[in-house]
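Here is the structure we will look at.
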Amino acid sequence: MTFPHPSAAHSAHHRLDAALDGLAVTFRGMTAHPDEHNCECHWGGPEELALLKVPDVELDHDLLHRTWQAPDWSDHPAVLRRILPQFARSLVAGRVEPILGPAGIGRSFDRGRWRSWPREQAEAVAEFLHAWWDHVLTDPAPAVPARELLVVVAEASGTLTPWLARWEERTGTTATQHLAEAAADWEYHLLGDELPWDAWDGGDEKRAELTAWLLDHARPRLAGHGAPDELLHGIRLLALTGPARWEDPHWPYRGC
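In the numbering used here, the protein residues as written are 1286 to 1541.
Right, here's the structure in full:
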(Lines of atoms letter the chains of each structure in order from A and count residues from 1; the text may use other names and numbers.)
(Lines give C-alpha, C1' and ligand atoms only; values in the text may rest on other atoms or scores of the structure.)
Protein backbone atom coordinates (compact mmCIF):
# COMPACT_ATOMS: atom_id res chain seq x y z
CA MET A 1 0.00 0.00 0.00
CA THR A 2 1.24 3.51 -0.82
CA PHE A 3 0.87 6.00 2.00
CA PRO A 4 0.49 9.77 1.63
CA HIS A 5 3.59 11.88 1.23
CA PRO A 6 4.97 12.42 4.75
CA SER A 7 4.69 16.18 4.38
CA ALA A 8 0.96 15.99 3.61
CA ALA A 9 0.18 13.74 6.56
CA HIS A 10 2.47 15.71 8.87
CA SER A 11 0.97 19.02 7.80
CA ALA A 12 -2.60 17.75 8.35
CA HIS A 13 -1.67 16.35 11.76
CA HIS A 14 -0.01 19.62 12.77
CA ARG A 15 -3.06 21.57 11.61
CA LEU A 16 -5.37 19.38 13.70
CA ASP A 17 -3.19 19.79 16.80
CA ALA A 18 -3.27 23.55 16.31
CA ALA A 19 -7.06 23.51 15.86
CA LEU A 20 -7.52 21.56 19.10
CA ASP A 21 -5.28 24.04 20.89
CA GLY A 22 -7.34 26.83 19.36
CA LEU A 23 -10.54 25.37 20.81
CA ALA A 24 -8.93 25.11 24.24
CA VAL A 25 -7.90 28.77 24.15
CA THR A 26 -11.10 30.11 22.60
CA PHE A 27 -13.47 28.30 24.95
CA ARG A 28 -11.43 28.50 28.13
CA GLY A 29 -13.59 29.64 31.03
CA MET A 30 -16.91 28.79 29.37
CA THR A 31 -19.76 27.42 31.48
CA ALA A 32 -23.36 26.33 31.06
CA HIS A 33 -25.98 28.93 31.88
CA PRO A 34 -26.33 29.41 35.66
CA ASP A 35 -30.00 28.39 35.47
CA GLU A 36 -29.44 25.39 33.23
CA HIS A 37 -31.13 22.19 34.37
CA ASN A 38 -32.02 18.74 33.11
CA CYS A 39 -34.03 15.74 34.21
CA GLU A 40 -32.35 13.78 37.01
CA CYS A 41 -33.97 10.55 35.85
CA HIS A 42 -32.74 10.80 32.26
CA TRP A 43 -29.59 12.90 32.40
CA GLY A 44 -27.95 13.06 35.83
CA GLY A 45 -27.88 14.45 39.34
CA PRO A 46 -27.27 17.92 40.77
CA GLU A 47 -23.56 17.35 41.41
CA GLU A 48 -23.04 16.48 37.76
CA LEU A 49 -25.06 19.48 36.64
CA ALA A 50 -22.97 21.70 38.90
CA LEU A 51 -19.81 20.58 37.06
CA LEU A 52 -21.14 22.12 33.85
CA LYS A 53 -21.33 25.47 35.63
CA VAL A 54 -17.67 25.33 36.66
CA PRO A 55 -15.20 26.17 33.87
CA ASP A 56 -12.45 23.91 32.55
CA VAL A 57 -13.11 20.89 34.79
CA GLU A 58 -12.70 17.59 32.94
CA LEU A 59 -15.83 15.45 32.85
CA ASP A 60 -15.74 11.69 33.08
CA HIS A 61 -16.45 9.83 29.85
CA ASP A 62 -20.02 8.88 30.76
CA LEU A 63 -20.98 12.40 31.83
CA LEU A 64 -19.44 13.90 28.68
CA HIS A 65 -21.41 11.41 26.59
CA ARG A 66 -24.72 12.20 28.29
CA THR A 67 -24.08 15.92 28.02
CA TRP A 68 -23.30 16.27 24.31
CA GLN A 69 -26.05 13.83 23.37
CA ALA A 70 -28.88 15.37 25.43
CA PRO A 71 -31.29 17.18 23.08
CA ASP A 72 -33.19 19.19 25.69
CA TRP A 73 -30.85 21.75 27.21
CA SER A 74 -32.49 25.14 27.53
CA ASP A 75 -29.23 26.72 26.29
CA HIS A 76 -27.51 24.06 24.20
CA PRO A 77 -25.02 26.55 22.71
CA ALA A 78 -23.66 27.39 26.19
CA VAL A 79 -23.43 23.71 27.13
CA LEU A 80 -21.62 22.91 23.88
CA ARG A 81 -19.14 25.75 24.42
CA ARG A 82 -18.49 24.44 27.94
CA ILE A 83 -17.59 20.92 26.81
CA LEU A 84 -16.19 21.61 23.35
CA PRO A 85 -12.40 21.37 23.97
CA GLN A 86 -12.75 18.01 25.76
CA PHE A 87 -15.47 16.81 23.37
CA ALA A 88 -13.29 17.57 20.34
CA ARG A 89 -10.33 15.63 21.74
CA SER A 90 -12.57 12.66 22.45
CA LEU A 91 -14.00 12.82 18.93
CA VAL A 92 -10.58 12.83 17.30
CA ALA A 93 -9.46 9.89 19.44
CA GLY A 94 -12.51 7.87 18.41
CA ARG A 95 -13.80 7.63 21.98
CA VAL A 96 -17.28 8.93 21.15
CA GLU A 97 -19.77 6.22 20.21
CA PRO A 98 -23.17 7.76 19.45
CA ILE A 99 -26.16 5.49 19.87
CA LEU A 100 -27.81 6.83 16.72
CA GLY A 101 -24.67 6.92 14.59
CA PRO A 102 -22.34 9.73 13.52
CA ALA A 103 -25.22 11.97 12.43
CA GLY A 104 -26.01 12.44 16.12
CA ILE A 105 -22.63 14.07 16.69
CA GLY A 106 -23.21 16.51 13.86
CA ARG A 107 -26.64 17.33 15.21
CA SER A 108 -25.19 18.23 18.58
CA PHE A 109 -23.05 20.83 16.82
CA ASP A 110 -26.03 21.98 14.79
CA ARG A 111 -28.23 22.35 17.88
CA GLY A 112 -25.52 24.54 19.31
CA ARG A 113 -25.97 26.96 16.36
CA TRP A 114 -22.21 27.42 16.32
CA ARG A 115 -22.23 29.23 12.96
CA SER A 116 -24.02 32.16 14.63
CA TRP A 117 -21.54 32.43 17.52
CA PRO A 118 -19.14 35.39 17.76
CA ARG A 119 -16.67 35.32 14.89
CA GLU A 120 -13.65 34.09 16.82
CA GLN A 121 -15.65 31.19 18.28
CA ALA A 122 -17.30 30.23 14.99
CA GLU A 123 -13.94 30.34 13.20
CA ALA A 124 -12.37 28.08 15.85
CA VAL A 125 -15.11 25.48 15.38
CA ALA A 126 -14.93 25.67 11.59
CA GLU A 127 -11.16 25.28 11.65
CA PHE A 128 -11.44 22.25 13.92
CA LEU A 129 -13.95 20.54 11.62
CA HIS A 130 -11.89 21.25 8.50
CA ALA A 131 -8.61 20.26 10.16
CA TRP A 132 -10.11 17.02 11.46
CA TRP A 133 -11.48 16.19 8.01
CA ASP A 134 -8.15 16.92 6.33
CA HIS A 135 -6.31 14.81 8.88
CA VAL A 136 -8.59 11.81 8.35
CA LEU A 137 -8.19 12.01 4.56
CA THR A 138 -4.41 11.67 4.96
CA ASP A 139 -4.42 9.03 7.71
CA PRO A 140 -4.31 5.40 6.49
CA ALA A 141 -5.98 4.17 9.70
CA PRO A 142 -7.97 7.03 11.25
CA ALA A 143 -9.79 6.53 14.54
CA VAL A 144 -12.98 7.66 12.77
CA PRO A 145 -13.44 6.40 9.17
CA ALA A 146 -13.81 9.06 6.49
CA ARG A 147 -17.30 7.83 5.56
CA GLU A 148 -18.45 8.40 9.15
CA LEU A 149 -16.70 11.72 9.56
CA LEU A 150 -18.34 13.01 6.39
CA VAL A 151 -21.69 12.47 8.10
CA VAL A 152 -20.52 14.37 11.17
CA VAL A 153 -19.20 17.40 9.32
CA ALA A 154 -22.08 17.51 6.83
CA GLU A 155 -24.68 17.48 9.61
CA ALA A 156 -22.67 19.92 11.74
CA SER A 157 -22.35 22.41 8.88
CA GLY A 158 -25.59 21.72 7.01
CA THR A 159 -23.80 21.07 3.72
CA LEU A 160 -21.80 18.44 1.85
CA THR A 161 -20.18 20.75 -0.67
CA PRO A 162 -16.91 21.88 0.98
CA TRP A 163 -16.16 18.42 2.35
CA LEU A 164 -16.57 16.72 -1.01
CA ALA A 165 -14.51 19.46 -2.63
CA ARG A 166 -11.65 18.82 -0.21
CA TRP A 167 -11.86 15.08 -0.90
CA GLU A 168 -11.40 15.88 -4.59
CA GLU A 169 -8.31 17.93 -3.79
CA ARG A 170 -6.77 15.13 -1.73
CA THR A 171 -5.77 12.89 -4.63
CA GLY A 172 -3.33 10.59 -2.84
CA THR A 173 -3.72 6.85 -2.45
CA THR A 174 -4.91 7.10 1.16
CA ALA A 175 -7.77 9.49 0.39
CA THR A 176 -8.70 7.35 -2.62
CA GLN A 177 -8.77 4.19 -0.51
CA HIS A 178 -11.08 5.96 1.94
CA LEU A 179 -13.25 6.89 -1.05
CA ALA A 180 -13.46 3.28 -2.22
CA GLU A 181 -14.47 2.11 1.25
CA ALA A 182 -17.08 4.85 1.55
CA ALA A 183 -18.58 4.21 -1.89
CA ALA A 184 -18.90 0.50 -1.14
CA ASP A 185 -20.60 1.31 2.16
CA TRP A 186 -23.01 3.83 0.58
CA GLU A 187 -23.95 1.74 -2.45
CA TYR A 188 -26.89 -0.18 -0.99
CA HIS A 189 -28.73 2.90 0.28
CA LEU A 190 -28.02 5.07 -2.74
CA LEU A 191 -29.22 2.38 -5.14
CA GLY A 192 -32.43 2.42 -3.12
CA ASP A 193 -32.58 6.20 -3.62
CA GLU A 194 -31.86 6.84 0.05
CA LEU A 195 -29.17 8.93 1.72
CA PRO A 196 -26.88 6.57 3.65
CA TRP A 197 -27.65 8.39 6.90
CA ASP A 198 -30.62 10.08 8.54
CA ALA A 199 -30.08 13.74 7.70
CA TRP A 200 -31.32 16.48 10.00
CA ASP A 201 -32.72 18.32 6.98
CA GLY A 202 -32.19 18.51 3.23
CA GLY A 203 -31.81 14.76 2.90
CA ASP A 204 -33.00 14.62 -0.70
CA GLU A 205 -30.67 17.42 -1.74
CA LYS A 206 -27.71 15.78 0.00
CA ARG A 207 -28.50 12.45 -1.63
CA ALA A 208 -28.64 14.08 -5.06
CA GLU A 209 -25.36 15.91 -4.46
CA LEU A 210 -23.57 12.81 -3.18
CA THR A 211 -24.88 10.73 -6.08
CA ALA A 212 -23.77 13.28 -8.67
CA TRP A 213 -20.35 13.56 -7.03
CA LEU A 214 -19.85 9.79 -7.07
CA LEU A 215 -20.75 9.65 -10.76
CA ASP A 216 -18.80 12.71 -11.88
CA HIS A 217 -15.72 12.45 -9.69
CA ALA A 218 -15.47 9.25 -7.67
CA ARG A 219 -16.12 6.70 -10.41
CA PRO A 220 -13.41 7.88 -12.83
CA ARG A 221 -11.01 8.40 -9.95
CA LEU A 222 -11.60 4.91 -8.58
CA ALA A 223 -11.36 3.38 -12.05
CA GLY A 224 -7.94 4.97 -12.41
CA HIS A 225 -6.85 3.33 -9.16
CA GLY A 226 -7.96 -0.17 -10.11
CA ALA A 227 -11.14 -0.39 -8.05
CA PRO A 228 -13.16 -3.61 -8.40
CA ASP A 229 -15.56 -3.77 -11.35
CA GLU A 230 -18.44 -4.52 -8.99
CA LEU A 231 -17.92 -1.20 -7.21
CA LEU A 232 -17.62 0.74 -10.46
CA HIS A 233 -20.80 -0.84 -11.83
CA GLY A 234 -22.60 -0.07 -8.59
CA ILE A 235 -21.75 3.61 -8.98
CA ARG A 236 -22.63 3.54 -12.70
CA LEU A 237 -26.09 2.23 -11.87
CA LEU A 238 -26.79 5.40 -9.88
CA ALA A 239 -27.19 7.20 -13.22
CA LEU A 240 -30.10 4.89 -14.13
CA THR A 241 -33.63 4.90 -12.79
CA GLY A 242 -36.51 2.45 -12.50
CA PRO A 243 -36.34 -0.82 -14.47
CA ALA A 244 -33.21 0.32 -16.30
CA ARG A 245 -31.40 0.15 -12.97
CA TRP A 246 -32.65 -3.12 -11.51
CA GLU A 247 -32.81 -4.95 -14.84
CA ASP A 248 -29.22 -4.07 -15.66
CA PRO A 249 -27.08 -7.24 -15.84
CA HIS A 250 -24.81 -5.80 -13.15
CA TRP A 251 -27.59 -5.08 -10.67
CA PRO A 252 -26.04 -6.50 -7.46
CA TYR A 253 -29.19 -7.53 -5.61
CA ARG A 254 -30.80 -9.82 -8.11
CA GLY A 255 -32.92 -12.44 -6.35
CA CYS A 256 -33.16 -10.34 -3.16
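Heads up, the beta-carbon is just placed ideally off N, CA and C, and yes, glycines get one too.
Where do the N-terminal and C-terminal ends of the alpha helix (DSSP H) with residue i fall, by residue?
| i | result |
| --- | --- |
| Trp1417 | Arg1404 to Thr1423 |
| Thr1352 | His1346 to Gln1354 |
| Asp1395 | Ala1388 to Arg1396 |
| Glu1466 | Thr1458 to Leu1476 |
| Val1342 | Per DSSP, Val1342 belongs to no alpha helix (DSSP H) and is neither H nor E. |
| Pro1447 | Thr1446 to Glu1454 |
| Phe1312 | Careful: Phe1312 lies outside any alpha helix (DSSP H) and carries neither H nor E. |
| Thr1526 | Per DSSP, Thr1526 belongs to no alpha helix (DSSP H) and is neither H nor E. |
| Pro1370 | His1361 to Val1377 |
Could you tell me whether the Cβ atoms of residue i and residue j are closer together than 7 Å?
| i | j | result |
| --- | --- | --- |
| Leu1445 | Lys1491 | yes |
| Leu1522 | Arg1530 | yes |
| Glu1440 | Arg1392 | yes |
| Pro1403 | Ala1309 | no |
| Ile1390 | Val1437 | yes |
| Gly1307 | Ala1378 | no |
| Ala1431 | Ala1373 | no |
| Leu1495 | Ala1460 | no |
| His1420 | Leu1525 | no |
| Glu1321 | Asp1360 | yes |
| Phe1312 | Arg1366 | yes |
| Arg1398 | Pro1356 | no |
| Glu1479 | Gly1519 | no |
Does the beta-carbon of residue i have 16 or more other beta-carbons within 10 angstroms, so that it is buried, or is it exposed?
| i | result |
| --- | --- |
| Pro1481 | buried |
| Leu1305 | buried |
| His1463 | buried |
| Ile1384 | exposed |
| Ala1317 | buried |
| Thr1297 | In the sequence as displayed, the identity of residue 1297 is Ala instead of Thr. With 16 or more Cβ atoms within 10 Å of its Cβ, Ala1297 is classed as buried. |
| Pro1387 | buried |
| Ala1484 | buried |
For residue i, decide whether its Cβ has a neighbour in chain B, counting only Cβ atoms nearer than 7 Å.
| i | result |
| --- | --- |
| Gly1389 | Of the protein chains in this structure there is only one, and it is not chain B. |
- Message: Does the stretch 1318-1327 come into contact with the stretch 1425-1434, if we say contact requires no fewer than three beta-carbon pairs (one atom in each stretch) closer than 8 Å?
- Response: no
If contact is defined by three or more beta carbon pairs under 8 Å, each pair taking one atom from either stretch, is the stretch 1329-1343 in contact with the stretch 1446-1461? no
inquiry  = Pairs of beta-carbons, one from the stretch 1411-1419 and one from the stretch 1501-1513, closer than 8 Å: are there three or more?
reply    = no
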